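Colleague:
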Amino acid sequence: MSDETGSPDNAGLIETVPLADALGERYLAYALSTITSRSLPDVRDGLKPVQRRLLYAMRQLKLDPAQGFKKCARVVGDVIGKYHPHGDTAVYDAMVRLAQDFALRYPLVDGQGNFGNIDGDGAAAMRYTEARLARYSEVLLAELGQGTVDWQPNFDGT
Numbered sequence: 004m005s006d007e008t009g010s011p012d013n014a015g016l017i018e019t020v021p022l023a024d025a026l027g028e029r030y031l032a033y034a035l036s037t038i039t040s041r042s043l044p045d046v047r048d049g050l051k052p053v054q055r056r057l058l059y060a061m062r063q064l065k066l067d068p069a070q071g072f073k074k075c076a077r078v079v080g081d082v083i084g085k086y087h088p089h090g091d092t093a094v095y096d097a098m099v100r101l102a103q104d105f106a107l108r109y110p111l112v113d114g115q116g117n118f119g120n121i122d123g124d125g126a127a128a129m130r131y132t133e134a135r136l137a138r139y140s141e142v143l144l145a146e147l148g149q150g151t152v153d154w155q156p157n158f159d160g161t
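Anchor point for the sequence shown: position 131 equals 134 in my numbering, and the numbering is continuous, going up by one each time.
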């Protein structure tokens with residue numbers, strides 16, 4: 004395992020560390036980072052990053068409650084391409100959950116088509132379903148342009 008701190012004194016130094024110690028230390032750091040940045044909802048708005056990115060992408064697509072629906076595949080493609088470079092299934096599953104009135108007290112996505120049911124039946128494929136923002140999303144997204152969010156570049160710097 005290499006231990007490079009950037010100082011010229013130990014440049015190129017290779018430190019021998021027992022594998023169990025290295026894995027335990029590094030996995031713990033990775034697990035904590037993953038849990039805090041992706042798995043747990045943020046205390047400020049109750050959303051995970053993928054959910055926040057979905058709502059933002061839907062707003063950029065002008066899928067307001069007064070507008071028509073768009074295919075979920077289109078929304079998922081935009082989210083993956085612009086904001087969340089992970090699998091389409093994870094993004095679509097997050098969108099489905101945001102549309103289920105039995106999963107959320109106030110659904111943030113208005114879904115059209117089969118978005119699953121409380122008995123555990125899954126949603127239809129994203130090519131068969133459509134979505135737009137729900138009225139509650141308007142309230143959540145209303146102040147985005149007023150300096151309420153510290154914007155950061157996305158994964159590809161745009």
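Note that the Cβ used here is the ideal one computed from N, Cα and C, for glycine as well.
Nothing here was measured: the structure is a model prediction, and the numbers come from that model.
(1) What are the boundary residues of the beta strand (DSSP E) that includes Q115?
(2) What alpha helix (DSSP H) runs, 4 residues minimum, are completely inside the region 19-105?
(3) Going by the CB atoms, is the gap between M129 and A93 shorter than 8 Å?
(4) Just verifying my parser: in three-state terms, what is the DSSP assignment at L136?
(5) Looking only at C-alpha atoms, which of S140, D124, A14 sits nearest to A69?
(6) Going straight from the alpha carbon of R29 to that of G116, what length do you get?
(7) With DSSP as the reference, identify every bridge partner of I121, one or two as the case may be.
(8) Determine, using beta carbons only, whether A137 and V112 come nearer to each other than 8 Å.
(9) Would you please state the rounded distance, in angstroms, between the beta carbons of A97 and L57? I believe it to be under 8 Å.
(10) Compute the beta-carbon to beta-carbon distance between V82 and A102, rounded to the nearest angstrom, for a pair I have assumed lies under 8 Å.
(11) Measure the C-alpha to C-alpha separation of S40 and G49 and round it to an integer number of angstroms.
(12) Once the 5 residues before and after P120 are set aside, which same chain residues still bring their CB inside 7 Å of it?
(13) Using CA coordinates, which residue listed in G114, E18, Y109, T161 is at the minimum distance from L143?
(14) Measuring alpha carbon to alpha carbon, tell me which of H89, D24, P52 ends up nearest Q155.
Modeller: Checking against the coordinates, here is how it stands:
(1) Numbered from 1 along the sequence shown, position 112 holds the residue referred to as residue 115. 112-115 is the extent of the beta strand (DSSP E) around Q115.
(2) Here the runs fully enclosed are 22-37, 52-63, 75-85, 91-102.
(3) Position 90 of the sequence shown, counted from the first residue, corresponds to residue 93. Position 126 of the sequence shown, counted from the first residue, corresponds to residue 129. No, they are not a contact pair.
(4) Translated into the one-based positions of the sequence shown, residue 136 becomes position 133. The answer is strand: DSSP assigns L136 an E or B state.
(5) Here the question's residue 69 lines up with position 66 in the sequence shown. When the alpha-carbon of A69 is set against those of S140, D124, A14, the nearest one is in S140.
(6) Within the sequence shown, the letter at position 26 stands for residue 29. Within the sequence shown, the letter at position 113 stands for residue 116. Whole-angstrom Cα-Cα distance: 44 Å.
(7) The count along the sequence shown starts at 1 and reaches residue 121 at position 118. Its beta-bridge partners do not exist; DSSP assigns none.
(8) Translated into positions along the sequence shown, residue 137 becomes position 134. Translated into positions along the sequence shown, residue 112 becomes position 109. In contact: A137 and V112 (Cβ atoms closer than 8 Å).
(9) For the purposes of this step, residue 97 is taken as the residue at position 94 of the sequence shown. For the purposes of this step, residue 57 is taken as the residue at position 54 of the sequence shown. Yes, A97 and L57 are in contact; Cβ-Cβ is about 6 Å, under 8 Å.
(10) For the purposes of this step, residue 82 is taken as the residue at position 79 of the sequence shown. For the purposes of this step, residue 102 is taken as the residue at position 99 of the sequence shown. About 15 Å; that fails the 8 Å criterion.
(11) Counted from its first residue, the sequence shown places residue 40 at position 37. Counted from its first residue, the sequence shown places residue 49 at position 46. Cα-Cα distance, rounded: 13 Å.
(12) In the sequence shown, counting from the first residue as 1, residue 120 sits at position 117. In the sequence on display, residue 120 carries Asn and not Pro. Answer for N120: no residue qualifies.
(13) Looking up residue 143 in the sequence shown gives position 140. When the alpha-carbon of L143 is set against those of G114, E18, Y109, T161, the nearest one is in Y109.
(14) Translated into the one-based positions of the sequence shown, residue 155 becomes position 152. Sorting H89, D24, P52 by C-alpha distance to the C-alpha of Q155 places P52 at the top.
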